[in-house]
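In the working numbering, the protein residues as written are 9 to 360.
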């Protein structure tokens with residue numbers, strides 16, 4: 009479904025905030041909206057298919073034209089989408105005073121709460137005769153009769169809410185002098201969220217596990233603070249539909265500057281780049297299940313997702329570190345094989 013078990017853009021000013029031994033709480037809230045879905049060529053996704061001669065004969069509106077279309081009728085329809093995701097991402101983190109290889113060790117865990125809604129609808133289809141058909145073109149009355157059938161095939165309206173997939177990880181944090189620090193977190197994501205393989209929108213991502221190591225670097229200067237987080241996701245196969253999402257690279261980045269003692273503004277963004285192909289193996293599923301679970305993605309291209317985003321951010325570091333409140337707006341561009349939209353973030357981070 010063009011989703012992944014990482015929230016691009018979740019890394020923000022917390023990446024360049026001081027991290028000393030102790031407990032930390034964080035609540036990130038995101039509202040993501042998309043009205044575009046892109047294909048492998050970076051253009052609006054289109055669905056192609058064929059209405060067979062038998063199907064034409066079975067419909068009173070098209071049966072009269074069926075004899076001239078032994079190869080059926082081919083169709084091409086661009087896909088429109090309205091996708092909305094609202095999520096609350098509560099995280100707890102502990103950093104110990106104990107050190108290993110010069111860095112402090114600890115752990116972090118996060119369990120998302122998700123509300124997701126997806127609506128898909130086809131645009132007016134274009135029709136051409138199928139191979140071997142006698143008719144040189146599809147007449148207007150046949151096209152008018154076929155359009156409701158095709159649009160009905162493509163329409164989807166799916167919504168859900170619930171808990172998402174639990175993330176747990178040890179962490180290792182090392183200060184490098186007075187201005188730099190590095191944090192490493194080899195995360196495991198567990199399939200705790202609700203998931204239905206035949207449903208478009210789910211609060212969980214499926215019956216599979218993800219190993220997601222990350223390394224985060226920050227430079228905290230007297231003017232600009234710069235930070236980045238590099239994340240790799242390695243997925244096992246989803247047991248509920250035989251689908252295995254390829255491995256994905258995420259980079260969250262930010263550059264922030266203090267404009268007063270407790271306010272800083274700047275630029276944040278992210279990169280999503282899938283570097284191995286998606287695969288699906290329906291061996292072991294019944295023919296009925298295979299029909300229901302067949303994914304609409306073009307796996308001959310690998311269905312590799314891609315997206316970039318950037319936008320402004322403002323952060324309030326209260327009382328020298330009592331808490332950090334940050335808001336940002338991130339606009340996506342250059343998407344492939346996924347939605348393209350924008351996200352509003354509000355994140356509260358606080359030492360406990």
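The beta-carbon is built from N, C-alpha and C at its ideal position, and this holds for glycine as well.
Computed from a predicted structure; not experimentally measured.
With a 10 Å radius around its C-beta and 16 neighbouring C-beta atoms as the bar for buried, classify residue i as buried or exposed.
i: residue 334; result: buried
i: residue 163; result: exposed
i: residue 133; result: buried
i: residue 282; result: buried
i: residue 165; result: exposed
i: residue 253; result: buried
i: residue 268; result: exposed
i: residue 135; result: buried
i: residue 315; result: buried
i: residue 311; result: buried
i: residue 70; result: buried
i: residue 35; result: exposed
i: residue 21; result: buried
i: residue 236; result: buried
i: residue 108; result: exposed
i: residue 105; result: exposed
i: residue 277; result: buried
Three-state secondary structure (DSSP) at residue i?
i: residue 264; result: strand
i: residue 23; result: helix
i: residue 274; result: strand
i: residue 71; result: helix
i: residue 342; result: strand
i: residue 221; result: strand
i: residue 105; result: strand
i: residue 139; result: coil
i: residue 148; result: helix
i: residue 6; result: Only positions 9 to 360 of the chain appear in the structure, and residue 6 is not among them; the question remains open.
i: residue 209; result: coil
i: residue 355; result: strand
i: residue 198; result: strand
i: residue 76; result: helix
i: residue 362; result: Residue 362 is absent from the model: the chain starts at 9 and stops at 360.
i: residue 235; result: strand
i: residue 241; result: strand
i: residue 290; result: coil
i: residue 191; result: strand
i: residue 60; result: coil
Taking 7 Å as the threshold (C-beta atoms), are residue j and residue i in contact?
i: residue 319; j: residue 344; result: no
i: residue 8; j: residue 23; result: For residue 8 there is no data in the structure shown, the boundaries of the chain being 9 and 360.
i: residue 74; j: residue 349; result: no
i: residue 33; j: residue 100; result: yes
i: residue 336; j: residue 317; result: no
i: residue 17; j: residue 351; result: yes
i: residue 222; j: residue 239; result: yes
i: residue 205; j: residue 248; result: yes
i: residue 359; j: residue 30; result: yes
i: residue 126; j: residue 208; result: yes
i: residue 275; j: residue 25; result: no
i: residue 181; j: residue 112; result: yes
i: residue 298; j: residue 307; result: no
i: residue 95; j: residue 347; result: no
i: residue 168; j: residue 197; result: no
i: residue 143; j: residue 76; result: yes
i: residue 85; j: residue 55; result: yes
i: residue 184; j: residue 116; result: no
i: residue 250; j: residue 288; result: yes
i: residue 7; j: residue 284; result: As displayed, the chain neither begins before 9 nor continues past 360, which places residue 7 out of reach and without an answer.
i: residue 93; j: residue 40; result: yes
i: residue 149; j: residue 309; result: no
Please name the residue in the options whose C-alpha comes closest to that of residue i.
i: residue 230; options: 265, 86 and 147; result: 265
i: residue 362; options: 261, 131 and 212; result: The first residue shown for the chain is 9 and the last is 360, placing residue 362 beyond what the model contains.
i: residue 64; options: 54, 79, 55 and 52; result: 79
i: residue 325; options: 167, 355, 300 and 119; result: 355
i: residue 11; options: 21, 35 and 45; result: 45
i: residue 273; options: 96, 161, 232 and 95; result: 232
i: residue 72; options: 50, 147 and 278; result: 147
i: residue 160; options: 140, 130 and 168; result: 130
i: residue 193; options: 172, 241, 149 and 155; result: 241
i: residue 141; options: 171, 107, 81 and 108; result: 81
i: residue 330; options: 123, 357 and 341; result: 357
i: residue 61; options: 53, 137 and 97; result: 137
i: residue 173; options: 152, 220, 186 and 145; result: 220
i: residue 98; options: 107, 120 and 47; result: 120
i: residue 124; options: 270, 152, 170 and 186; result: 170
i: residue 323; options: 353, 156 and 199; result: 353
Does residue i come within less than 7 Å of chain B when only Cβ atoms are used?
i: residue 154; result: The chain inventory of the structure shown lacks chain B, comprising one protein chain alone.
Whole-angstrom Cβ separation of residue i and residue j, contact assumed at under 8 Å?
i: residue 158; j: residue 261; result: Incorrect: roughly 42 Å between the Cβ atoms, too far for contact.
i: residue 103; j: residue 110; result: Between residue 110 and residue 103 the Cβ distance is about 14 Å, and since that is not below 8 Å, they are no contact.
i: residue 202; j: residue 210; result: 6 Å
i: residue 191; j: residue 175; result: About 15 Å; that fails the 8 Å criterion.
i: residue 59; j: residue 154; result: 6 Å
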